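**Student:**
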Amino acid sequence: MEIEMIMRRLFTQHARQVGLAIVGYVILAGSLVNSLPGQVYAAEKIVTVAEGPMALPVWKIPNIPEAAEAYYASDNLHVIAQVQDPAAQPAKERAAGGALTYTFTDQGEELKRINDRGQDGCSYFMPGMSALLWTSTRDNMEMPIGNWSDENDYPMGAELYISDLDGNNVLRLTNNEHYDAEISAAPDGKWIVFSRQIDGNLDLWRIRPDGSDEQQITFTDDWQEGRPMYLPDSETVMFRAWNKDDYGNVRPTPMTVFTIKHDGSQLTPRTFTEGMNWGSYPAPDGRHFVMVNVIEGNNWEIFMGDMDGGEPVRLTYNDGFDGFASISPDGKKMLFTRSVGSGFMSDLYTHVMDISALNVGPENYKEAR
2 MEIEMIMRRL FTQHARQVGL AIVGYVILAG SLVNSLPGQV YAAEKIVTVA
52 EGPMALPVWK IPNIPEAAEA YYASDNLHVI AQVQDPAAQP AKERAAGGAL
102 TYTFTDQGEE LKRINDRGQD GCSYFMPGMS ALLWTSTRDN MEMPIGNWSD
152 ENDYPMGAEL YISDLDGNNV LRLTNNEHYD AEISAAPDGK WIVFSRQIDG
202 NLDLWRIRPD GSDEQQITFT DDWQEGRPMY LPDSETVMFR AWNKDDYGNV
252 RPTPMTVFTI KHDGSQLTPR TFTEGMNWGS YPAPDGRHFV MVNVIEGNNW
302 EIFMGDMDGG EPVRLTYNDG FDGFASISPD GKKMLFTRSV GSGFMSDLYT
352 HVMDISALNV GPENYKEAR
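Residues in the sequence shown are numbered from 2 upward in steps of one, following the numbering used here.
#1: Using the Cα positions of residue 326 and residue 44, report the straight-line distance between them to the nearest angstrom.
#2: For residue 78, which of helix, strand or coil comes out of DSSP?
#3: Quick one: what does DSSP say residue 152 is sitting in, helix, strand or coil?
#4: Given this structure, state the Cα-to-Cα distance separating residue 126 from residue 207, to the nearest angstrom.
#5: Using 8 Å as the threshold, is the C-beta distance between residue 332 and residue 311 below it?
#6: Indicate whether residue 59 and residue 353 have their beta-carbon atoms separated by less than 8 Å.
#7: Suppose the cutoff is 6 Å on Cβ atoms and the five residues either side in sequence are ignored; what does the same chain contact list for residue 249 look like?
#8: For a minimum of 3 consecutive residues, which ranges assigned as the beta strand (DSSP E) are wholly contained in the region 192-255?
#9: Going straight from the alpha carbon of residue 359 to that of residue 233, what length do you get?
#10: Using the Cα positions of residue 89 and residue 121, report the straight-line distance between them to the nearest angstrom.
#11: DSSP three-state label for residue 271, please.
#12: Which of helix, strand or coil does DSSP assign to residue 24?
#13: Quick check on DSSP: helix, strand or coil for residue 364?
#14: Report the residue from 109, 335 and 201 whose alpha carbon sits nearest the alpha carbon of residue 152.
#15: Which runs of the beta strand (DSSP E) fall wholly inside the region 131-190 and span at least 3 residues, in chain order?
#16: Please identify the residue among 225, 285, 268 and 298 whose C-alpha is closest to the C-alpha of residue 279.
#17: Could you name the residues of the same chain whose beta carbon sits closer than 7 Å to that of residue 288, not counting the 5 residues immediately before and after it, in chain order?
#18: Report all residues from its chain with a CB closer than 6 Å to the CB of residue 275; omit the five preceding and five following residues, and keep chain order.
#19: Decide yes or no for the touch test of the region 134-144 against the region 106-120: beta carbon pairs closer than 8 Å, at least 3 of them.
#20: Where do the ends of the beta strand (DSSP E) carrying residue 58 lie?
#21: Using the Cβ count rule (16 or more neighbours within 10 Å means buried), how would you classify residue 26?
#22: Check each candidate in 252, 242, 184 and 246 and name the one with the smallest Cα separation from residue 259.
#23: Following the continuous beta strand (DSSP E) through residue 339, name the residue where it begins and the one where it ends.
#24: Nearest-angstrom Cα distance between residue 176 and residue 140?
#25: Is it right to say residue 195 is buried, meaning 16 or more other beta carbons lie within 10 angstroms of its own, or is it exposed?
#26: What's the gap between the Cα of residue 103 and the Cα of residue 69?
#27: Taking a contact to mean a Cβ-Cβ separation below 8 Å, would you say residue 282 touches residue 67 in this structure?
#28: Helix, strand or coil for residue 285? Go by DSSP, reduced to three states.
#29: So is residue 213 buried or exposed if we call it buried at 16+ other beta carbons inside 10 Å?
#30: Please classify residue 161: is it buried, with 16 or more other beta-carbons within 10 angstroms of its beta-carbon, or exposed?
#31: Which value, in whole angstroms, describes the spacing of the CA atoms of residue 46 and residue 81?
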């Protein structure tokens, strides 16, 4: 696999650099930063470290509270994510939640709150930074809060919204008592894809950015589909799915990464192991993708897979949780969430990995078999 060849080359280069542990630059993000409403923090510094045998540069985005599941805009700088906020509707004890949608840069600047109430889930930039997509319970706060991390208790009040870049001119796209979330947009901007749970069944759906022409993509009783993401052709969707019989009975839950045309045709498995294969996200080269697998010691690490086959390549090296990986449109950076606390998935913060050496940008586009 090409990534494996790059890995060997980078490892050889790295070995020649005696004593390398920290990449030599520290950037001051500013004396004061935009912060949560009513709060001002002294600016943190960006500290970049070399991680793993490929010595890929990694940094924690400074000045941003705990956050998860972040995605880049088309400028490869601005980021959208759900950020922990005291103004959010509180989560249940030992449940995921308590976040609202924010945008900021991967330098830790321009922090902006997009929604001011309820609980928010997945979010995404429309192409060209023309609008923002986000998931929220803001109009269903009287319904059970639920748990964004438990398919048996997903928040049924979660709906889909589109707004401008300041969180104004909000248009509600869905209106039901189902779980609608895990939203993303096609690169050509013509369709939005998302997951919907009805009576315990998760399936993929698509809808136009104006809320019209809603269509169901998958119709399965046994598979639970989620995190749908468009490939560069704006027709193929990558997603992960688990079998209902495995959920709660096999740990970690085994999953399969698939691709499917958004008209429901050409369902194709892309992973062939019993691993977790969770949280898949396609690279802009149309061939590679990132995902999470759990290795010895309940260690959640991010790997890069190849839709044309081959052994996945490990990217992160951290004892604990690394997840929610996504790749910038230019293929040069990967956002991911890392737990920096003492407990599993405690103190989650958004990090960036420079993956430019892996050559998975759009200039290397190749349609997968």
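The C-beta atom is built at its ideal place from N, Cα and C for all residues, glycine as well.
If you're wondering where the values come from, they're calculated on a predicted model, not measured in any experiment.
**Tutor:** In terms of the structure at hand:
#1: If you number the sequence shown from 1, residue 326 lands on position 325. If you number the sequence shown from 1, residue 44 lands on position 43. Between the alpha carbons of residue 326 and residue 44 lies a distance of about 25 Å.
#2: As a first step, residue 78 is located in the sequence shown; it is residue number 77 there, counting from the start. Coil.
#3: The count along the sequence shown starts at 1 and reaches residue 152 at position 151. Residue 152: helix per DSSP, three-state reduction.
#4: For the purposes of this step, residue 126 is identified with residue 125 of the sequence shown, where counting begins at 1. For the purposes of this step, residue 207 is identified with residue 206 of the sequence shown, where counting begins at 1. Each residue's alpha carbon lies about 16 Å from the other.
#5: Locating residue 332 in the sequence shown gives position 331, where the first residue counts as 1. Locating residue 311 in the sequence shown gives position 310, where the first residue counts as 1. With contacts defined by Cβ atoms closer than 8 Å, residue 332 and residue 311 do not form a contacting pair.
#6: Along the sequence shown, one-based indexing puts residue 59 at 58. Along the sequence shown, one-based indexing puts residue 353 at 352. Yes, the Cβ-Cβ distance between residue 59 and residue 353 is below 8 Å.
#7: Position 248 of the sequence shown, counted from the first residue, corresponds to residue 249. Contacts found: none.
#8: DSSP runs (the beta strand (DSSP E)) wholly in the region 192-255: 193-199, 202-208, 224-231 and 237-244.
#9: The sequence position of residue 359 within the sequence shown is 358, counting from 1. The sequence position of residue 233 within the sequence shown is 232, counting from 1. Each residue's alpha carbon lies about 18 Å from the other.
#10: Taking the first residue of the sequence shown as position 1, residue 89 is located at position 88. Taking the first residue of the sequence shown as position 1, residue 121 is located at position 120. Whole-angstrom Cα-Cα distance: 8 Å.
#11: Mapped onto the sequence shown, residue 271 falls at position 270. DSSP places residue 271 in coil when its eight states are reduced to three.
#12: Here residue 24 refers to the residue found at position 23 when the sequence shown is read from its first residue. The predicted model places residue 24 with a pLDDT of 36, which falls under 50 and marks its position as unreliable; any figure quoted below should be read in that light. For residue 24, the three-state secondary structure derived from DSSP is strand.
#13: As a first step, residue 364 must be located in the sequence shown, where it is residue number 363. Note: residue 364 maps to helix in three-state DSSP.
#14: Reading the sequence shown from its first residue, position 151 is the one you call residue 152. Checked all of 109, 335 and 201; the closest Cα to residue 152 is 201.
#15: Here the runs fully enclosed are 133-137, 160-164 and 180-186.
#16: Translated into positions along the sequence shown, residue 279 becomes position 278. Relative to the Cα of residue 279, the nearest Cα in the group 225, 285, 268 and 298 belongs to 225.
#17: Along the sequence shown, read from residue 1 onward, the residue named residue 288 stands at position 287. 307, 308, 309, 367 and 369.
#18: Reading the sequence shown from its first residue, position 274 is the one you call residue 275. Closer than 6 Å at Cβ, skipping near neighbours: 255.
#19: Counting C-beta pairs with one atom in each stretch, the region 134-144 and the region 106-120 have three or more that are closer than 8 Å, which means they touch.
#20: Within the sequence shown, residue 58 is the residue found at index 57, counting from 1. Residue 58 -> beta strand (DSSP E) spans 57-61.
#21: Mapped onto the sequence shown, residue 26 falls at position 25. In this predicted model, residue 26 has a pLDDT of only 33, less than 50, meaning its place in the structure is not dependable; the value taken from the coordinates is given anyway. Exposed is the call here.
#22: As a working note, residue 259 is residue 258 in the sequence shown. Taking only the C-alpha atoms, the option nearest residue 259 is 242.
#23: Looking up residue 339 in the sequence shown gives position 338. Unbroken beta strand (DSSP E) run through residue 339: 334-340.
#24: For the purposes of this step, residue 176 is taken as residue 175 along the sequence shown, with counting starting at 1. For the purposes of this step, residue 140 is taken as residue 139 along the sequence shown, with counting starting at 1. Straight through space, the alpha carbons of residue 140 and residue 176 are spaced by roughly 9 Å.
#25: Here residue 195 corresponds to residue number 194 of the sequence shown, with the count starting at 1. Residue burial is scored here from C-beta neighbours: residue 195 has at least 16 other C-beta atoms within 10 angstroms and is therefore classed as buried.
#26: Position 102 of the sequence shown, counted from the first residue, corresponds to residue 103. Position 68 of the sequence shown, counted from the first residue, corresponds to residue 69. The alpha-carbon of residue 103 is positioned some 11 Å away from that of residue 69.
#27: Position 281 of the sequence shown, counted from the first residue, corresponds to residue 282. Position 66 of the sequence shown, counted from the first residue, corresponds to residue 67. The answer is no: Cβ separation not under 8 Å.
#28: The count along the sequence shown starts at 1 and reaches residue 285 at position 284. Residue 285 falls in the coil class under three-state DSSP.
#29: Here the question's residue 213 lines up with position 212 in the sequence shown. Looking at its Cβ environment, which holds fewer than 16 other Cβ atoms inside 10 Å, residue 213 is exposed.
#30: Locating residue 161 in the sequence shown gives position 160, counting from the first residue. Here residue 161 is buried. Its C-beta has 16 or more other C-beta atoms within 10 Å.
#31: Position 45 of the sequence shown holds residue 46. Position 80 of the sequence shown holds residue 81. CA-CA distance, residue 46 to residue 81, rounds to 20 Å.
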